[in-house]
Amino acid sequence: MHIQRRLVAHGFPVVVDGKRGPKTKAAVVAFQKAR
């Protein structure tokens, strides 16, 4: 859930549910590309 909360804090629309689904994975990839 920590990763999901950090993604939300950085403006990535993911559901904070503790599950690493395809939307969370896509948001992580997008975050990494943006940095």
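For the record, in the sequence shown the residue sitting at position 10 is 10 according to the UniProt record's numbering, with numbers rising by one throughout. Just so it is clear, CB atoms sit at the ideal spot from N, CA and C, and this is done for glycine as well.
- Spanning the alpha carbons of histidine 10 and glutamine 4 requires a straight line of approximately 10 Å.
- Cα atoms of valine 15 and leucine 7: separation of roughly 10 Å, rounded to the nearest angstrom.
- When the five nearest sequence neighbours on each side are left out, the beta carbons in the same chain lying within less than 7 Å of the beta carbon of glycine 18 are those of Met1, in order along the chain.
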